[in-house]
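These notes concern the structure reproduced below.
Residue numbers (our numbering): 256 to 687.
Here it is, written out as structure tokens:
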């Protein structure tokens with residue numbers, strides 16, 4: 256019998272489902288790059304079995320994010336979907352009122368009133384707070400190392416973001432642990448394949464966050480200060496005659512800030528330590544050249560960004576290559592795959608802190624090409640907190656490098672079973 260004729264054909268739909276089934280497990284999240292390589296090999300645009308299309312290339316992801324004819328799945332879009340459980344759950348509808356899920360002109364109005372919440376003066380004022388928090392957290396972490404391995408995630412990378420944003424918003428420190436837990440639970444509604452139990456957890460967390468910030472805003476109206484929430488209240492009272500509508504706008508801003516600040520920044524902080532420890536030569540380069548710290552942060556954001564999937568909706572009938580996309584249909588931009596697109600990056604699977612400097616500037620042949628990334632998105636929804644996240648990461652890395660610690664990883668990092676939002680749940684380190 257002819258062996259070629261006997262070989263079983265591969266069903267693209269089944270292969271795609273199997274790849275995403277692997278990707279959404281803890282094991283798949285440990286190293287998603289082989290899965291992304293297989294997805295990229297299927298094409299730049301891949302019809303998704305569950306509807307819509309997947310985009311794997313950097314250039315097309317970048318183009319769609321910057322193209323205003325592609326919109327975010329806002330409240331109106333979600334309300335039109337037949338899948339009530341997925342898109343019309345309380346958590347989903349609540350998220351659709353936050354800034355990342357608003358389309359113009361509503362987005363434009365909110366964005367204009369918000370201004371730049373993390374301008375240079377704000378970052379300068381916050382920097383000392385972050386430095387003090389880093390010193391405190393690393394002192395405690397170092398003490399724990401005397402008894403053996405300690406978890407960098409629970410002790411440091413999940414603590415610094417909530418301390419930073421909590422101080423900025425003047426939230427009670429006693430509430431930090433609750434807000435961190437609720438954030439982890441709430442994010443399920445933003446995943447690609449939330450289960451019924453995931454959505455129930457997200458709905459419950461959203462209800463608690465809604466109640467928390469309702470009371471917090473009420474308290475700020477009673478005792479206003481110079482914190483951002485008090486400022487938002489004053490701004491929206493001037494723009495909106497309806498007090499309930501003004502409070503709803505402030506509530507959405509407060510919820511957005513907490514959710515955006517905690518989940519993604521924690522991943523960045525843990526991941527930069529993990530990747531540098533897994534690549535000792537890169538850690539040595541930073542120790543000898545601290546000016547490479549910003550470059551290292553950008554390479555981490557490219558190599559393994561906090562968000563690996565972003566969704567957009569066609570505002571009108573269009574095409575992706577030769578594939579027609581009707582108005583209202585969703586596309587999923589696989590940022591995790593796009594960041595390893597060989598058409599955009601030389602040696603994309605190589606982690607290189609000198610990447611964005613290029614061979615000539617860095618004076619080495621190891622630099623591998625431009626490092627423009629989509630780790631903070633692009634276009635009108637570019638992450639507002641990008642400068643704050645970068646400052647936290649730079650301060651933490653500088654604080655760690657100035658200590659005489661030579662850490663190593665004692666157990667493989669553990670990951671939450673997700674697709675869109677990366678979350679490291681543990682990273683055990685020791686000092687030999």
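Built from N, CA and C at the ideal position, the CB exists for glycine as well.
Proximity winner among the options, relative to residue i (alpha-carbon distances)
i           : options               : result
residue 540 : 348, 606 and 286      : 606
residue 358 : 679, 673, 635 and 657 : 635
residue 364 : 428, 490 and 665      : 490
residue 640 : 520, 452, 542 and 571 : 520
residue 381 : 530, 416, 348 and 473 : 416
residue 590 : 584, 582 and 599      : 599
residue 414 : 400, 385, 441 and 487 : 385
residue 269 : 630, 301 and 530      : 301
residue 674 : 313, 442, 552 and 427 : 442
residue 485 : 494, 474 and 341      : 474
residue 567 : 328, 647, 277 and 271 : 328
residue 400 : 315, 502, 444 and 659 : 659
residue 378 : 480, 552 and 422      : 422
residue 597 : 531, 291, 307 and 582 : 291
residue 362 : 637, 647 and 678      : 637
residue 576 : 298, 266, 592 and 668 : 298
residue 680 : 529, 535 and 537      : 529
residue 533 : 360, 267, 646 and 608 : 608
Whole-number beta carbon distance between residue j and residue i, since they are thought to touch under 8 Å
i           : j           : result
residue 548 : residue 455 : The pair is not a contact, with the Cβ atoms about 42 Å apart (cut-off 8 Å).
residue 354 : residue 366 : 7 Å
residue 654 : residue 408 : Residue 654 to residue 408, Cβ: 17 Å. No contact.
residue 555 : residue 569 : Incorrect: roughly 32 Å between the Cβ atoms, too far for contact.
residue 587 : residue 564 : 6 Å
residue 670 : residue 410 : About 18 Å; that fails the 8 Å criterion.
residue 656 : residue 545 : 7 Å
residue 311 : residue 294 : 6 Å
residue 412 : residue 524 : 4 Å
residue 551 : residue 527 : 7 Å
residue 405 : residue 396 : 6 Å
Cβ-Cβ distance between residue i and residue j below 8 Å
i           : j           : result
residue 684 : residue 663 : yes
residue 676 : residue 562 : yes
residue 557 : residue 628 : yes
residue 348 : residue 333 : yes
residue 324 : residue 573 : yes
residue 346 : residue 436 : no
residue 420 : residue 512 : yes
residue 585 : residue 444 : no
residue 480 : residue 425 : yes
residue 517 : residue 438 : yes
residue 373 : residue 642 : yes
residue 330 : residue 314 : no
residue 343 : residue 633 : no
residue 672 : residue 318 : no
residue 476 : residue 506 : no
residue 553 : residue 611 : yes
residue 304 : residue 278 : no
residue 440 : residue 457 : yes
residue 368 : residue 494 : yes
residue 340 : residue 451 : yes
Cβ-heavy atom distance, residue i to the ligand FAD, below 7 Å
i           : result
residue 312 : In the structure shown, the ligand FAD is absent, as is every other ligand, since no ligand is present at all.
Continuous alpha helix (DSSP H) stretch holding residue i: start and end
i           : result
residue 555 : 548-558
residue 477 : 451-477
residue 439 : 431-441
residue 446 : Residue 446 -> no alpha helix (DSSP H), and no H or E assigned at all.
residue 511 : 498-533
residue 483 : 483-494
residue 324 : Counting along the chain, residue 324 falls outside any alpha helix (DSSP H), and DSSP gives it neither H nor E.
residue 363 : 361-369
residue 337 : Premise fails: residue 337 is in no alpha helix (DSSP H) and is neither H nor E.
Segment limits, beta strand (DSSP E) that includes residue i
i           : result
residue 301 : 300-302
residue 567 : 565-569
residue 562 : That residue, residue 562, is in no beta strand (DSSP E); it is neither H nor E in DSSP.
residue 578 : 578-580
residue 585 : 585-588
residue 308 : 308-310
residue 351 : Premise fails: residue 351 is in no beta strand (DSSP E) and is neither H nor E.
residue 684 : 683-685
residue 573 : 573-575
task: Starting from the N-terminal side, write out each stretch of the alpha helix (DSSP H) that is 4 residues or longer and does not extend beyond the stretch 379-420.
output: none
task: Starting from the N-terminal side, write out each stretch of the beta strand (DSSP E) that is 3 residues or longer and does not extend beyond the stretch 264-302.
output: 300-302
query: Counting only runs that start and end within the stretch 648-681, where is the beta strand (DSSP E) found for 3 or more residues in a row?
result: 679-681
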